[in-house]
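For reference, the structure is listed below as structure tokens.
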Amino acid sequence: MKILAIDTSCDETAAAIVDGRKVLSNVIYSQILIHKKWGGVVPSLAKRAHEERIDLVVNECLKKSKIQDLRSRIDYIAVTAGPGLAVALEVGIKKAKELAEKYNKKLIAVNHLEGHIYSPFVQNSKGNPKREFKFPYLALIVSGGHTELVILKNHLQYEVIGQAIDDASGEALDKAAKMLGLGYPGGPVIERLANSVGNKDFYGFPRPMIKSKDLKFSFSGLKTSFYYYINKLKPEEKVSRVKELVSSFQEAVFDTIVKKTDRAITQTGINRLVVGGGVAANLYLRKKLRKLVKKHKGEVIFPPFQYLTGDNAAMIGVAAFYKAQKKIFADAQTLDRQPRMIL
Ligand code: KG4
Ligand code: ZN
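Okay, so the sequence shown: first residue is 1 according to the numbering used here, each after it adds one.
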């Protein structure tokens with residue numbers, strides 16, 4: 001079963017063609033260079049860039065997969081309906097509807113977070129890695145927009161057990177980087193700088209809500225205390241201590257993620273962890289999570305290819321495949337963007 005999937009939820013214009021869990025082609029046009037100078041995603045610029053690129057991205061994706069004829073070779077068209085930026089989501093949905101109508105295909109609406117949850121199970125065109133599903137899983141989503149703990153009971157059956165009450169983990173890293181003039185996105189540059197000083201915790205910034213028994217995440221208090229701390233420093237100290245500062249900040253974020261995940265494993269008794277989202281690209285976080293599941297005699301599965309951690313349409317296509325199997329289709333008349341869509 002072949003699906004053409006589209007994701008325009010934030011600052012990547014993405015299309016992919018999947019055959020079951022196998023990715024036949026995948027195209028991602030990143031808008032990072034457009035938003036970089038503003039230190040974050042600017043909605044109006046994102047909308048325009050999506051509109052300018054969507055046809056190109058879809059066509060490139062069809063070409064790469066060697067599927068010339070959408071009408072006879074593609075079964076369904078999938079699209080991210082939310083959560084995300086309304087004006088960005090709209091572009092992908094409009095395109096998906098247009099293609100569905102033109103080629104007489106059924107539409108599948110996918111929650112972007114479902115995509116991140118399925119991302120560890122996406123395979124390359126040869127069907128690797130071969131990983132089978134062993135439900136239930138505990139899913140940890142760590143991205144620019146979300147930090148969530150979800151029980152994946154079976155295909156498409158989610159129970160959210162913890163989430164961010166303010167800033168998401170990736171957002172916190174982005175904001176800390178912005179405060180120090182390190183540019184956008186912050187995660188990768190912080191990873192590199194922190195690594196160079198051994199990922200140590202030099203300052204002991206607070207870990208909000210770490211002691212509370214629930215599974216809620218909060219990073220805005222950490223951000224505020226970081227802000228006040230660096231504003232007390234002399235300009236030259238901000239530069240000379242930048243590695244130590246970001247290493248300590250990253251440690252506070254990751255320590256919180258690991259402790260809450262630890263609690264979630266204990267509370268649910270589920271020791272098989274799947275991790276998705278942009279922050280899951282971080283090798284130091286991966287190391288910490290590996291150590292955590294080892295303690296619980298479990299396992300952790302990460303997206304097998306780097307592009308699957310960030311936003312992409314391959315993960316949307318794979319989630320859509322399980323929806324198609326259950327005949328869960330969207331109504332083209334009523335399908336609309338849901339910026340605050342929940343699982
Ligand atoms: O999943 P994603 O591409 O977009 C959302 O759905 O939000 O995640 C983007 C986030 C950004 O906050 C970015 O700073 C973070 O992922 N990120 C990283 C790394 N690469 C990207 N965070 C930590 N370490 C990384 N290597
Ligand atoms: Zn995402």
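Just so you know, even glycine gets a beta-carbon here, dropped at the ideal spot from N, CA and C. Since we're looking at a predicted model, the values are computed, not measured.
If you draw a 10 Å sphere on the C-beta of Q325, you find fewer than 16 other C-beta atoms in it, and that means exposed.
In the displayed model, S44 falls within a helix according to three-state DSSP. Under the DSSP assignment, S30 falls in the beta strand (DSSP E) whose first and last residues are K22 to S30. For the beta strand (DSSP E) assignment, the uninterrupted runs of no fewer than 3 residues enclosed by the segment 130 to 178 are, from N- to C-terminal side, 137 to 142, 147 to 154 and 157 to 163.
The beta carbons of S169 and V142 sit closer together than 7 Å. Across the structure, R340 and K102 are spaced so that their CA atoms are roughly 29 Å apart. Counting C-beta atoms within 10 angstroms of its own C-beta, M315 has 16 or more neighbours from the protein chains shown and is therefore classed as buried. Note that the C-beta distance between L99 and A264 is not below 7 Å. Distance from the CA atom of N199 to the CA atom of K216, rounded to whole angstroms, is 25 Å. Around the beta carbon of Y228, a 10 Å sphere encloses fewer than 16 other beta carbons of the protein chains shown; the residue is thus reported as exposed. DSSP, read as helix, strand or coil, puts L182 in coil. Residue state for L4 is assigned as strand, using DSSP reduced to three classes.
Within the same chain, and ignoring the five residues on either side of L156 in sequence, the residues whose Cβ sits closer than 6 Å to its Cβ are Y322. Taking the Cβ atoms as the reference, G162 lies roughly 19 Å from G278, outside the contact range of under 8 Å.
The residue among V23, N282 and S218 with its C-alpha nearest the C-alpha of R207 is S218. A contact is defined here as three or more CB-CB pairs under 8 Å, and the segment 104 to 112 meets this definition with respect to the segment 75 to 87.
Spanning the alpha carbons of S25 and G115 requires a straight line of approximately 16 Å. The beta carbons of N312 and E191 sit no closer together than 7 Å.
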